[in-house]
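**Student:** Could you have a look at this structure, given as structure tokens, before my questions?
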Ligand code: URA
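Here's what the structure looks like:
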């Protein structure tokens with residue numbers, strides 16, 4: 084019998100195939116390659132960026148340009164490699180001239196693909212890279228306020244950080260994202276214990292006000 088990870092890997096491959104021929108939104112018109120995502124099908128940590136850029140579109144793989152190199156370095160600071168995590172984006176096709184993804188494009192890609200990828204990988208911790216993946220989960224939330232805090236929503240542990248591309252050339256943001264990544268192992272352990280109920284009644288120490296207000300607000304999670 085196939086293991087759950089093998090089943091998830093097969094289902095993720097099937098989704099990637101669907102994505103590669105998707106024409107559900109206008110972004111498909113300009114793509115060279117769709118960029119479904121990649122990594123461990125049973126990853127503890129899943130990263131969601133914004134959308135493919137030039138190099139990702141050329142290669143069909145997420146985060147392979149300058150921001151990706153920085154992401155690799157950030158992962159290395161906590162002893163992780165790409166193969167240990169799962170990496171994808173809010174939209175799977177490159178927006179023309181790297182413009183921001185539009186709401187209808189984000190909605191379509193989320194409902195058709197991102198939601199299913201998230202359910203299959205079922206990570207202990209979801210790290211959102213930048214504002215687009217953050218606001219999918221927490222509409223209206225500012226990245227400058229939410230970054231570095233462990234948030235919960237409907238059974239999902241979410242840890243927002245700045246986008247590596249934004250942090251690449253701004254020393255202040257760079258220092259912040261490096262610190263936020265350094266905290267990932269601790270945050271992951273906190274999330275693991277919280278989600279398994281071990282510390283269900285305790286505060287987390289990471290932005291607990293925000294954590295509690297988000298958790299108790301009854302807002303609907305758009306991603307599940
Ligand atoms: N920026 C993103 O958000 N995603 C990528 O895959 C590359 C750059």
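Residue numbers (the working numbering): 84 to 307.
Here a beta-carbon is modelled for each residue, glycine too, at the ideal position from N, C-alpha and C.
1) Would you kindly work out how many angstroms separate the C-alpha atoms of residue 285 and residue 95, rounded to a whole number?
2) What does residue 171 pair with, by DSSP beta-bridge criteria?
3) Can you tell me which of the three DSSP states residue 112 falls into?
4) Hey, is the segment 222 to 238 in contact with the segment 115 to 132, meaning 3+ C-beta pairs nearer than 8 Å?
5) For the ligand URA, which residues have a Cβ under 7 Å from at least one heavy atom, in chain order?
6) Hey, quick one: how far does the beta strand (DSSP E) through residue 242 stretch, first residue to last?
7) Is DSSP giving residue 122 helix, strand or coil here?
8) Provide the residue span of the alpha helix (DSSP H) that contains residue 210, from first to last.
9) Note down, in chain order, each residue of its chain lying with its Cβ closer than 8 Å to the Cβ of residue 98, except the 5 sequence neighbours on either side.
10) Can you give me the Cβ contacts of residue 90 inside the same chain, cut-off strictly under 8 Å, excluding the 5 residues immediately before and after it?
11) With a threshold of 6 Å on Cβ separation, who are the neighbours of residue 157 within its own chain once the five nearest residues in sequence on each side are excluded?
12) Does the segment 203 to 214 come close enough to the segment 125 to 143 that 3 or more CB-CB pairs lie under 8 Å?
13) In terms of residue numbering, what span does the alpha helix (DSSP H) encompassing residue 138 cover?
14) Could you give the DSSP three-state label for residue 233: helix, strand or coil?
15) If residue 219 sits next to residue 171, beta carbons under 8 Å apart, how far is it from one beta carbon to the other, in whole angstroms?
16) If we ignore side chains and look at the alpha-carbon of each, how far apart do residue 164 and residue 187 end up?
17) Considering just the uninterrupted stretch of the alpha helix (DSSP H) at residue 269, what are its terminal residues?
18) Please classify residue 137 as buried or exposed, where buried requires at least 16 neighbouring CB atoms within 10 angstroms.
19) Using the rule of at least 16 other Cβ atoms within 10 Å of the residue's Cβ for burial, across every protein chain shown, is residue 113 buried or exposed?
**Tutor:** Reading it off the structure:
1) A caution first: residue 285 carries a pLDDT of 42, below 50, which makes its placement in the model too unreliable to give a value.
2) 131
3) helix
4) no
5) 118, 132, 133, 134, 135, 136, 139, 145, 146, 148, 150, 151, 172, 212, 213, 246 and 248
6) 239 to 244
7) strand
8) Residue 210 -> not in any alpha helix (DSSP H); beta strand (DSSP E) instead, spanning 208 to 212.
9) 119, 196, 199, 200 and 203
10) none
11) 264
12) yes
13) 137 to 142
14) coil
15) Their Cβ separation, rounded to whole angstroms, is 12 Å, which puts residue 219 and residue 171 out of contact at 8 Å.
16) 33 Å
17) 267 to 278
18) exposed
19) exposed
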